Amino acid sequence: MQVPAPFEYERATSVDQAIGLLERLGSSARLVAGGHSLLPMMKLRLANFEYLIDINPLHDQLGYIRVGSDSVRIGALTRHRELLESDELASAFPIFRDAERVIADPVVRNRGTLGGSLCQADPSEDLSAVCTTLDASCVIRGPRGERVVTMEQFHVGPYETAVGDDEILIEIRIPRRDNSGNAYEKVERRAGDWAVVSAGAAMWLAADGTIADARVGLAAVGPNTTGIPEISATLRGQVPSEQAYEQAGVIAARSCDPVTDQRGSEDYKRHLADELTRRTLRKAVERARS
Amino acid sequence: MTTVQDPKFTEFHDNDQKPVGFGRMLRKEDPRFVRGRGRYTDDIQLPGMLHLAILRSPFAHARVLSVDTSAAEASPGVRLVVTGAMLAEKGLAWMPTLSNDVQAVLATDKVRFQGQEVAFVVADDRYAARDALELIEVDYDVLEPVIDARRALEPDAPLIRDDLQGKENNHVFDWETGDEAATEAVFASADVVVQEDIVYPRVHPAPMETCGAVADFDAVEGKLRLWSTTQAPHAHRTLYAIVSGIPEHKIQVISPDLGGGFGNKVPIYPGYVCAIVGSILTGKPVKWMEDRSENLISTGFARDYIMRGEIAATRDGRILAIRTNVLADHGAFNGTAAPVKYPAGFFGVFTGSYDLQAAYCKMTAVYTNKAPGGVAYACSFRITEAVYLVERIVDCLAHELDMDPAELRLKNFIQPDQFPYETKTGWVYDSGNYEPTMRLAMDMAGYADLRKEQEEKRARGELMGIGISFFTEAVGAGPRKNMDILGLGMADGCELRVHPTGKAVVRLSVQTQGQGHETTFAQIVAEEIGIPPADIEVVHGDTDQTPFGLGTYGSRSTPVSGAAAALVARKVRDKAQIIASGMLEVSVADLEWVKGSFQVKGDPGKSVTIQDIAFRAHGAGDLPEGVEGGLEAQICYNPSNLTYPHGAYICVVDIDPGTAQVKVRRFVAVDDCGTRINPMIIEGQIHGGLTDGVGMALMEMIAFDEDGNCLGASLMDYLIPTSLEVPDWETGYTVTPSPHHPIGAKGVGESATVGSPPAIVNAVVDALKPFGVRHADMPLTPSRVWDAMRGRATPPI
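Read top to bottom, the protein sequences are chains X and W.
When we follow this note's numbering, the leftmost residue of the first sequence carries the number 524, and every step to the right adds one.
When we follow this note's numbering, the leftmost residue of the second sequence carries the number 9, and every step to the right adds one.
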């Protein structure tokens with residue numbers, strides 16, 4: 524049995540109380556949400572925190588999916604399983620269900636949360652790629668009130684985010700636009716493994732059928748989830764076509780920064796960045812049209 | 009004689025129709041497992057029990073300069089801290105391995121692999137023990153490690169085993185089999201010669217339950233009780249007696265329920281010895297349970313063979329000879345579990361199922377700075393490697409001859425009238441009838457239609473592959489005239505006692521790890537003496553309660569211990585017949601056995617049941633002259649030969665041309681393990697082994713970086729397959745009984761693990777034929793398949 528180093532544990536009673544604890548304990552404390560990344564790291568003694576503040580009691584406040592006409596707001600404690608099973612969310616953003624189907628396994632999905640996934644900031648993490656693709660923004664609350672940051676601002680580096688020692692990520696906001704479609708694809712060595720590479724794509728079509736806007740987010744090919752502005756710039760105004768997807772794929776392969784490891788070679792990962800970019804763009808357009 | 013059965017037979021006899029003997033029935037042991045009432049080593053709780061944790065080396069190769077335990081000793085709850093130096097004072101720092109090498113219990117001079125045991129802590133609970141490990145200060149002088157086996161024998165390679173007197177290099181052994189000159193002659197004149205370098209990477213058994221022990225030394229009685237995760241309790245007891253000096257009758261080894269073994273629980277690990285030492289020094293029971301990472305980085309691995317295969321044939325596809333050269337990586341200590349005269353296990357069966365003119369193998373084994381072993385892992389003593397080599401190289405030949413791989417195999421099989429068949433490497437196959445097995449697999453798969461489908465798909469640019477493997481295993485070690493482990497012959501004892509009311513207890517020397525022995529052995533006895541399996545208690549896994557024998561590995565339980573169970577039941581039946589003759593007042597010769605009772609020949613109305621006889625054997629009234637009371641017997645069975653199960657496997661894969669992901673779409677497995685005792689249990693073993701094969705073929709590998717860091721230290725890094733990677737298994741069978749086994753059974757535990765990896769790899773390579781691929785090494789992860797598609801297939805190590 525792997526056992527973590529000794530630590531103190533406290534259950535949060537409210538967001539403000541949790542922030543108060545964080546303010547007092549500083550970087551020696553860590554929030555635990557689903558715990559499926561944090562606890563294994565603590566058991567392996569790769570992470571050692573003196574205090575754990577369990578925010579699961581706040582699920583009633585922070586676990587929600589609110590689909591509005593111009594945006595979708597998702598509470599940070601919303602669990603993978605809730606994201607997977609929400610028909611409303613799947614209808615607004617099918618990319619979530621695509622991704623949740625291939626995230627870990629049911630045991631992890633029952634506990635793991637959207638906010639926990641984003642805050643872990645693992646470069647291979649799927650929901651960060653989804654949120655990047657959808658141009659989501661993150662609501663962070665601290666002693667001095669709330670602030671909203673983009674996904675680009677949110678991810679500071681591998682396993683590092685804009686959330687300060689005394690702050691909590693509380694909500695993710697995703698803008699809604701008409702005539703849109705989005706999709707996610709992941710290549711993994713085995714069900715439940717981290718991605719070798721995964722890609723999300725979102726397409727917004729204009730009335731004349733041309734591409735009004737497009738975004739691609741990749742995971743596992745760089746220090747953080749990679750959004751690629753050059754793809755958006757290249758695709759805007761084009762008519763959706765295999766040629767357009769190919770251009771995007773080439774840019775994706777060129778722009779990402781993968782490394783060779785047990786999951787695959789750098790070359791292969793660049794190839795996948797290309798292949799999966801094309802596949803998800805194609806599917807996103809199909810969905811935008813239907 | 010081979011019986012071909014309808015493969016579509018899937019009906020299941022429910023428990024109301026339990027067979028009195030062979031047939032489908034639910035496993036007797038399952039109620040306790042499905043209700044969470046299994047009792048594993050970690051469930052053992054003794055009064056006053058302490059907990060042990062082991063400090064392991066972070067380096068693959070380093071000199072241990074000093075170990076400071078003072079802070080750990082002062083840590084709350086800590087009772088004892090022991091280092092290698094302390095063990096050395098008691099002469100316990102080193103212990104023998106199963107291959108006559110020695111292994112460090114705790115490092116004294118150097119650490120020789122990452123994860124090697126350096127010190128241990130005994131504390132009041134496992135948390136205190138684990139926390140105290142952080143307080144032990146070890147000063148290391150890091151040395152250059154040897155990670156690639158190819159480097160081990162280079163003149164400037166660092167010397168790993170400087171503990172061995174006079175050792176100047178990293179050589180373990182050279183071994184050869186077959187006739188080198190005769191083989192060379194055949195190769196020299198052959199039409200076609202194909203050569204391929206084939207690597208079987210290091211993999212790990214990864215049983216769900218990790219290894220562990222609870223040691224309880226009673227200083228007053230002078231008795232050691234050891235609950236431990238062992239597949240071979242009797243062999244372990246003898247070795248503990250030899251090493252520790254505790255007399256053998258004062259050692260009780262108990263192997264409770266095991267959560268999987270797969271060969272991982274054959275060796276004696278340093279942790280077991282540490283627990284014993286901990287109990288002796290503290291006077292308290294001590295528990296040690298390793299965690300998942302410890303299990304993956306330090307316990308017995310499997311494979312790690314770098315093989316060059318060569319095959320010679322005529323242009324029309326007649327296979328003439330096979331030759332191979334093997335470099336075997338044995339890690340830091342040679343801990344291979346194999347009969348001593350077989351340092352390469354039974355690798356000699358690399359000649360496969362084919363009638364050859366010549367064969368030759370030359371093997372060199374080396375030390376590296378990796379975990380020790382070379383132990384089993386469902387490999388039937390290296391048959392996994394042998395079967396992979398021959399079935400891969402035969403496919404390479406088919407590729408070269410542009411011949412259908414099924415046709416090539418059918419053309420070269422050993423024929424039924426050639427059995428018993430002596431191979432060119434000296435193995436005597438007991439029985440076999442290969443073509444019906446192969447044909448059945450092809451029929452079940454719809455082989456011709458699959459080839460047609462493949463042709464159409466190839467025309468459309470889709471990648472579909474069909475892979476075949478046909479294997480012959482050598483299991484059931486083994487005849488004591490030439491097989492022993494550290495001097496212990498590989499025979500197995502069995503005792504059967506029938507109680508007065510006709511219920512029975514059978515005591516085995518082998519130990520189940522999930523194979524269902526409590527059911528299978530009850531069925532074997534039931535078949536012979538007609539007592540229902542439900543009325544037969546199977547006792548195993550406790551050296552104080554069972555006869556001596558060498559344990560369960562190498563698919564040997566049914567071939568060896570199963571034979572013992574059948575023969576001991578026959579002995580009891582013989583005695584029952586004499587008692588029945590007295591009860592019925594006829595001569596013994598006038599009685600006939602109708603399962604469960606003796607009848608007077610020609611007068612079925614006059615009979616006595618085995619239960620009647622049992623009561624008489626223990627009851628009042630005279631017994632026939634010279635017959636003692638009671639109804640029991642014991643036996644020690646020494647097999648006259650190994651048994652040779654065979655099978656034909658066909659795998660169908662689809663590969664995504666864009667991502668190179670392999671999907672195993674179908675898998676047909678036709679096995680011939682001789683007489684079938686419980687088909688449900690056999691199918692369960694096949695399903696497990698096939699899943700194992702998918703893991704090895706597609707994802708499993710214990711990899712190391714250049715510094716010797718193990719890259720597979722958790723189940724996030726060392727992947728084992730899930731239900732989502734496997735298809736619905738399609739199983740069928742033929743029955744070719746073993747002529748020398750009392751019930752004709754051959755053993756099946758490892759067949760699927762042995763036979764499936766080549767079928768899957770052959771299917772992937774077949775799918776990649778349009779890219780000109782003839783070989784690609786496991787594990788065939790998407791990245792490695794993509795490399796192969798681009799003509800860049802490289803060995804994984």
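No residue lacks a Cβ here, since even glycine has one placed at the ideal position from N, Cα and C.
Since we're looking at a predicted model, the values are computed, not measured.
Which runs of the alpha helix (DSSP H) spanning at least 4 residues fall entirely within the region 549 to 603 of chain W, listed in chain order? 571 to 592
Starting from W:S477 and walking both ways along the beta strand (DSSP E), at which residues does that stretch end? 471 to 480
Where the region 703 to 733 of chain W meets chain X: residues whose CB sits under 9 Å from a CB there: G703, L706, M707, M709, A711, L719, G720, A721, S722, M724, D725, L727, I728, P729, T730, S731, L732, E733
Which bits of chain X does W:S2 rub up against, with CB to CB less than 8 Å? Since the displayed chain W opens at 9 and closes at 805, residue 2 of chain W lies outside it and no answer follows.
Across which residues does DSSP place W:E142 in a beta bridge pair? DSSP lists no partner for W:E142.
Using a beta-carbon distance cut-off of less than 7 Å, what residues from the region 652 to 672 of chain W approach chain X? G666, T667, Q669
Starting from W:M57, find everything on chain X with Cβ-Cβ shorter than 9 Å and list it in chain order. Under the 9 Å cutoff, chain X gives no residues; its nearest Cβ is about 15 Å from W:M57.
Interface partners of X:G528 on chain W, CB under 7 Å: With the sequence shown as reference, residue 528 of chain X is identified as Ala, and Gly is not the correct amino acid for it. The contacting residues are D139.
Closest Cα partner of W:P278 within the set W:P255, W:L706, W:G92, W:T560: W:G92
Can you look up W:D7 in the DSSP assignment and give me helix, strand or coil? In the structure as shown, chain W begins at 9 and stops at 805. Residue 7 of chain W is therefore absent and cannot be evaluated.
Quick check: what's the CA-CA separation for W:F225 versus X:A743? 53 Å
Reference W:F309; option with closest CA among W:T344, W:S287, W:A329, W:P293: W:T344
Find the nearest neighbour of W:V670 within the set W:I319, W:E633, W:E192, W:A771, judged by alpha-carbon distance. W:A771
Which residues mark the beginning and the end of the beta strand (DSSP E) in which W:N770 is found? Not the beta strand (DSSP E): W:N770 falls in the alpha helix (DSSP H), residues 759 to 775.
Look at the alpha carbon of W:A821 and the alpha carbon of W:I544, and state the distance between them as a whole number of angstroms. Since the first residue of chain W shown is 9 and the last is 805, residue 821 of chain W is not available in this structure.
So, do the region 479 to 493 of chain W and the region 648 to 662 of chain W have three or more beta carbon pairs nearer to each other than 8 Å? yes
Short-range partners of chain X found in the region 274 to 300 of chain W, where Cβ spacing is below 8 Å: M297, D299, R300
Taking Cβ-Cβ distances shorter than 8 Å, what residues in chain W pair up with X:V710? T667, Q669, P790
Can at least three beta-carbon pairs, one atom from the region 728 to 746 of chain X and one from the region 645 to 656 of chain X, be found at a separation below 8 Å? yes
Whose Cβ in chain W lies nearer than 8 Å to the Cβ of X:E798? G666, T667
Using a beta-carbon distance below 8 Å, is W:W794 in contact with chain X? yes
Residues in the region 690 to 723 of chain X with C-beta within 8 Å of chain W's C-beta atoms, listed in sequence order? V710, R712, R713, A714, G715, D716, W717, V719
Which bits of chain X does W:R311 rub up against, with CB to CB less than 8 Å? The premise fails here: W:R311 is roughly 18 Å from chain X at the closest Cβ pair, so nothing lies under 8 Å.
Measuring straight from C-alpha to C-alpha, what distance separates W:E298 and W:D550? 22 Å
Sheet register partners of W:A656 (DSSP bridge): W:F478, W:V678
Which residues does DSSP pair with X:E708 in a beta bridge? X:A722
What are the residues in the region 121 to 147 of chain W lying within 8 Å of chain X by C-beta distance? R134, Y135, R138, D139, E142
Suppose you measure from the CA of W:L397 to the CA of W:V547; what does that come to, to the nearest Å? 39 Å
Nearest chain W C-beta to X:H559 closer than 8 Å, yes or no? no
Within 8 Å, do at least three Cβ pairs link the region 753 to 770 of chain W to the region 565 to 581 of chain W? yes
When burial is assigned at 16 or more other CB atoms within 10 Å of the CB, is W:Q239 buried or exposed? buried
What residue range is occupied by the uninterrupted beta strand (DSSP E) comprising W:F67? Unbroken run through W:F67: none, as it is neither H nor E.
Figure out for me which residue from X:L569, X:P529, X:A729 has the closest Cα to the Cα of W:D139. X:P529
Beta carbon of W:W183, beta carbon of W:A367: below 8 Å? no
As assigned by DSSP and simplified to three states, the class of W:D620: helix
Should W:S287 go down as buried or exposed, given a rule of 16 or more other Cβ atoms within 10 Å for buried? buried
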